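Residue numbers (full-length UniProt numbering), protein chains in the order written: chain A, 1 to 458; chain B, 1 to 252.
Where is the CB? At the ideal position from N, CA and C, for every residue including glycine.
Computed from a predicted model, the values in this text were never measured in an experiment.
Presented below is the structure to which this report refers.
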């Protein structure tokens, strides 16, 4: 067990200090007398122990518990001990933290002195986990291994292996000395594979006024290649290695009551990424935004409107990489079209686009006749939707007028209705009947019944 | 719409050949292979445009340079390209009988097993050449640290292959000896004839030209490799002859 020796109590002023007559009368402060004492019983915290430390180093914890020494009355001691307990738990290295406040004992014990003891139970050295994960129209199983507190100073190390319908990856995350994440991922899509070795260090997130801001740097080594002989030449052209080193910033304002099937509130997300100025081959500026507004109407129905858009602006002569471009279409964006099957393509392989916009208008209502009301039935909603959008490449010599015109012509859109199932607060499933319109040559549609599963829907 | 068999389609005007960047990136072995294919296509009278791409090695279906893009087809390396042109009705070795054809195949194997392997050895297994020429050139299109990773990855891959075929234990001098022996065999077979099979060039001539011409015209850390080839005068005049006949419009 570890023991912390008491710090000298901070000098206090005034008549509160010192031994008072009524204190001497109650030497061993038992539970009952404590309950009689009100806020103005002054105390001095003489010693703070932490019991139960195994591999955790003491110096890590000094800061967390320092405040306790500053308490000068009993309620304050209890409050500060509680706060210190929260801080210790927040380190993520203890399973349980209990606080014991008792009178000081020993030779140098003051009559109004207190000993505070934190009894901690450290987490096991290594824990394993198994999860399943749902992404946009793909699923995967994830095996994880977690080492909290590897060297005794709350260094957290997580190793994760994921195997899914489209993607296999393994990754390593660490929390100290600097927060970082390293991942190697192999993704296969029809005729193209993307093998990325990805490292992200230096990311920080902080609230500012009503928004949440995130800044991060990431370095990604990408290898693209063709799967099979039948890949189109446009895909073959993109094969090879490239390095992306980018700085990005995201701002999120989220006033919704829930992220899946919200009933009110709105979301504004703006994200920009600048690649190439901190090294790497890829040089571009990428902007994208997401807006969503929700309003509850009569009879428990909700009207929801959303708008997405994005722009990829390359610097220099090099063309943009297929891995950086935007994709549109599918049960999670423009319903009625096949997954990512809109826009520029070559021989049936979709190449993505440098600019896009997409909008959706939804009316969510409870199931007709409200079966299973109050229980299971509440997880389902009927929805009527209208989706529209466009995806194309821009020629940057032409100017904004030409670009807007291009995005406004050949708009794809669709409408329909379906059933939505909410899975906890994480994902949603949809089964829709879709009617796609404005289909351009080369787009692949999925008219009629379409099923979608995911976390982010238009 | 009439469906035409791809093999029967005529050779298009826009056929292209892909190789790494000529000035800064391409290495000796790749340049030799690419020149061999270019010579072969010129000998067949088939026009092809040479395009230099940084990622040509990764675009190639077999991972090897060069590859050609003809119509909808992508074919890499001299052997498959010869087969491909034969299916389209162009061939240089039709006039050979079975014995000669077997001989031609044997000499082509010799060039691939000796000359090409020697080129790869000198490029990647000789530390001086690898450090001064091969790694810098191979990694030139990429930024740090990807450049270092890719160059060392390639070097490791080639060294592993050399060990697998038993060349890992050879010294540079032994490799030069092997090159000399190969050149001697070629020189003896060529004799005083203009081409290996007398009057008409075949794919063997294209292959030998590709390798010897590249060796003679590429600057390495030491000129010993070129010197070994130069000691066979009939091979020198063979290279000059093919250059003048088929490449006179371009300066290689």
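CB contact below 8 angstroms: residue i versus chain B
i: residue 239 of chain A; result: yes
i: residue 325 of chain A; result: no
i: residue 280 of chain A; result: yes
i: residue 221 of chain A; result: yes
i: residue 345 of chain A; result: no
i: residue 233 of chain A; result: yes
i: residue 243 of chain A; result: yes
i: residue 236 of chain A; result: yes
i: residue 225 of chain A; result: yes
i: residue 272 of chain A; result: no
i: residue 229 of chain A; result: yes
i: residue 451 of chain A; result: no
Other residues of its chain near residue i: CB distance less than 7 angstroms, five sequence neighbours each side excluded
i: residue 62 of chain B; result: 76 and 77
i: residue 321 of chain A; result: 238, 242 and 282
i: residue 353 of chain A; result: 325, 326, 343, 344, 391, 392 and 393
i: residue 189 of chain B; result: 107 and 196
i: residue 57 of chain B; result: 20, 63 and 65
i: residue 248 of chain B; result: none
i: residue 338 of chain A; result: 329, 330, 444, 445 and 446
i: residue 30 of chain B; result: 19, 20 and 65
Closer than 8 angstroms to chain A by CB, residue i
i: residue 76 of chain B; result: no
i: residue 266 of chain B; result: The structure shown has nothing for residue 266 of chain B, since chain B only spans 1 to 252.
i: residue 144 of chain B; result: yes
i: residue 244 of chain B; result: no
Short Cβ contact (8 angstroms threshold) for residue i with residue j
i: residue 156 of chain A; j: residue 174 of chain A; result: yes
i: residue 422 of chain A; j: residue 457 of chain A; result: no
i: residue 328 of chain A; j: residue 356 of chain A; result: yes
i: residue 218 of chain B; j: residue 28 of chain B; result: yes
i: residue 134 of chain A; j: residue 330 of chain A; result: no
i: residue 290 of chain A; j: residue 246 of chain A; result: no
i: residue 182 of chain B; j: residue 115 of chain B; result: yes
i: residue 259 of chain A; j: residue 335 of chain A; result: no
i: residue 41 of chain B; j: residue 213 of chain B; result: no
i: residue 17 of chain B; j: residue 54 of chain B; result: no
i: residue 67 of chain A; j: residue 83 of chain A; result: yes
i: residue 361 of chain A; j: residue 382 of chain A; result: no
i: residue 192 of chain B; j: residue 163 of chain B; result: no
i: residue 48 of chain A; j: residue 71 of chain A; result: no
i: residue 102 of chain B; j: residue 209 of chain B; result: no
i: residue 61 of chain A; j: residue 50 of chain A; result: yes
i: residue 90 of chain B; j: residue 44 of chain B; result: yes
i: residue 221 of chain A; j: residue 196 of chain A; result: yes
i: residue 420 of chain A; j: residue 380 of chain A; result: yes
i: residue 233 of chain A; j: residue 276 of chain A; result: no
i: residue 235 of chain A; j: residue 192 of chain A; result: yes
Cutoff 6 angstroms; reference residue i; Cβ partners in own chain excluding five residues on either side
i: residue 224 of chain A; result: 194, 238 and 239
i: residue 204 of chain B; result: 104, 107, 108 and 196
i: residue 138 of chain A; result: 164, 165 and 166
i: residue 410 of chain A; result: 440
i: residue 384 of chain A; result: 363 and 417
i: residue 150 of chain A; result: 157
Beta-carbon proximity list for residue i, same chain, < 8 angstroms, skipping 5 on both sides
i: residue 64 of chain A; result: 84, 87, 88 and 91
i: residue 77 of chain A; result: 43, 45, 68, 71, 101, 114 and 116
Contact with chain D by residue i, beta-carbon distance below 8 angstroms
i: residue 310 of chain A; result: This model lacks chain D altogether, as its protein chains are A and B.
Can you check the region 190 to 237 of chain A for any beta strand (DSSP E) of at least 3 residues that lies completely inside it and give the ranges in chain order?
-> 192 to 208 and 211 to 226
Mind pulling the beta strand (DSSP E) runs of 3 or more residues that sit fully within the UniProt domain "POTRA" (43 to 123) of chain A?
-> 44 to 51, 94 to 103 and 113 to 122
Note down, in chain order, all residues in the UniProt domain "Thioredoxin-like fold" (33 to 128) of chain B with a beta-carbon under 9 angstroms from any beta-carbon belonging to chain A.
-> 53, 54, 55, 56, 57, 58, 59, 60, 61, 69, 72 and 74
Residues of the region 130 to 161 of chain B with a CB closer than 9 angstroms to any CB of chain A: list them in chain order, please.
-> 141, 142, 143, 144, 145, 146, 147, 149 and 150
Where the region 413 to 436 of chain A meets chain B: residues whose CB sits under 8 angstroms from a CB there | none
Could you name each continuous beta strand (DSSP E) segment of 3 residues or more that falls completely within the region 331 to 380 of chain A, going from the start of the chain to the end?
-> 355 to 365
Sequence ranges, alpha helix (DSSP H) only - wholly within the region 6 to 74 of chain B, length at least 4 | 28 to 44 and 56 to 59
Can you give, in chain order, each stretch of the beta strand (DSSP E) that sits fully within the region 117 to 191 of chain A and has at least 3 residues?
-> 127 to 134, 139 to 147, 157 to 164, 167 to 174 and 180 to 189
Could I get the ranges of all uninterrupted beta strand (DSSP E) runs contained in the region 68 to 138 of chain B, with 3 residues as the minimum, in chain order?
-> 73 to 76
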